[in-house]
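**Q** Numbering (this note's numbering), first residue to last: 92 to 418. C-beta: ideal position from N, C-alpha, C; glycine also.
Pasting the structure below:
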């Protein structure tokens, strides 16, 4: 029968469409007599399952959905590079989307993934963990990055507090007394944890000056310009990420301030540009984080994940020429 459909097979075999799907996909919960009738009907009709429909019925697409707050910048490109490296090595490909703090936009972004991917990797530092979890399809395995997994599942957590504490200790050890911290955006989990960890680790006799930023290079430049205009005295800047540190370096150069002699400058993340600029920073190994997230998700999909639900990743201090004069 030319152009036979799964409904034609079900009608001839006198079973439901769902039973036909289970039988043709080789699932165990099908009675042998039913399977035999379905196979015979399919052969008689010349029915060949559509590859796409078969993939959907098996809920396997060999694709991983990756949902990020942004798809631009070295931080996210390094994360995606690690995800892609691990996924490709294990026979999966990536489907990327971005998610904002707005719930409707988040719901739309996650909805686009349904039926197209086997599982999700989600980085949503602006979103409420419970609200985000409520938007995730319950049947879809998910690995969260730096976002608590409110309803179970796997969460890879970067220890932002520990990284910020290490930077505080470094700046104090090199004798800095009036330290500026340029924060990330309000409501961003990473930004808040870095501020909290840095503030808690500073001795009482060290002055902390907090200036708002938004994780972009222009905001780091604007923060320094504001300090210069206001005549604020400071001898160190800890930017909440490397991009803001780059902006701060540019503004300090324009103001004629020597780095690190007049002002020590440091960031967080250790994006590739940080090494070229000899920027002291906190190394997060985002490529490795991406690879680990993909590995944990694929292990879960293949039934072999034995890792802890919350896996903490401790970043490391990398001291370079923007805080210590290189000999």
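For residue 416, count neighbouring C-beta atoms within 10 Å of its own C-beta (all shown protein chains included) and say buried if the count is 16 or more, exposed if not.
**A** exposed
**Q** In terms of alpha-carbon separation, which member of 287, 296, 126, 155 lies closest to residue 266?
**A** 296
**Q** I need the boundaries of the alpha helix (DSSP H) containing residue 389, first residue and last residue.
**A** 377-392
**Q** List the whole-angstrom C-beta distance separating residue 406 from residue 300, where the pair is believed to meet the contact cut-off of C-beta under 8 Å.
**A** Wrong, their Cβ atoms sit about 24 Å apart, outside the cutoff.
**Q** If residue 304 and residue 369 are in contact, beta carbons under 8 Å, what's the gap, nearest whole angstrom?
**A** About 21 Å; that fails the 8 Å criterion.
**Q** In angstroms, rounded to a whole number, what distance separates the CA positions of residue 261 and residue 401?
**A** So the alpha carbons of these two residues sit roughly 28 Å apart.
**Q** Helix or strand or just coil, what does DSSP make of residue 98?
**A** helix
**Q** Suppose contacts are defined by Cβ-Cβ distances below 7 Å. Is residue 311 in contact with residue 275 by that definition?
**A** no
**Q** If you count every other CB in all the chains shown that lies within 10 Å of the CB of residue 324, and 16 or more means buried, which is it?
**A** exposed
**Q** The beta strand (DSSP E) that contains residue 368, what's its start and end?
**A** Neither: residue 368 is in no beta strand (DSSP E) and is coded neither H nor E.
**Q** Do residue 384 and residue 234 have their C-beta atoms within less than 7 Å of each other?
**A** In this structure, residue 234 lies closer than 7 Å to residue 384 by Cβ.
**Q** How would you call residue 105, buried or exposed, if buried means at least 16 neighbouring beta carbons within 10 angstroms?
**A** exposed
**Q** Between which two residues does the alpha helix (DSSP H) carrying residue 124 extend?
**A** 123-136
**Q** Starting from residue 306, trace the alpha helix (DSSP H) both ways and give me its first and last residue.
**A** Per DSSP, residue 306 belongs to no alpha helix (DSSP H) and is neither H nor E.
**Q** For residue 360, which option in 155, 321, 254 has the closest C-alpha, if you only look at C-alpha atoms?
**A** 254
**Q** Assign residue 359 to one of three DSSP states: helix, strand, or coil.
**A** coil
**Q** I'd like the span of the beta strand (DSSP E) that includes residue 213, first residue to last.
**A** 210-213
**Q** Determine the extent of the alpha helix (DSSP H) in which residue 186 is found, giving its start and end residues.
**A** Premise fails: residue 186 lies in the beta strand (DSSP E), 184-189, not in any alpha helix (DSSP H).
**Q** Can you give the Cα-Cα distance for residue 328 and residue 336, rounded to whole angstroms?
**A** 8 Å
**Q** Using only alpha-carbon positions, find the residue among 414, 318, 172, 391 that is nearest to residue 258.
**A** 414
**Q** Give the secondary structure of residue 326 by DSSP, where H, G and I count as helix, E and B as strand, and everything else as coil.
**A** coil
**Q** Taking the beta strand (DSSP E) that residue 174 belongs to, which residues open and close that run?
**A** Not the beta strand (DSSP E): residue 174 falls in the alpha helix (DSSP H), residues 165-180.
**Q** Which of helix, strand or coil does DSSP assign to residue 151?
**A** coil
**Q** For residue 321, which three-state DSSP category applies?
**A** helix
**Q** Alpha carbon to alpha carbon, how far is residue 155 from residue 128?
**A** 36 Å
**Q** When you compare only the Cα positions, how much space is there between residue 201 and residue 346?
**A** 46 Å
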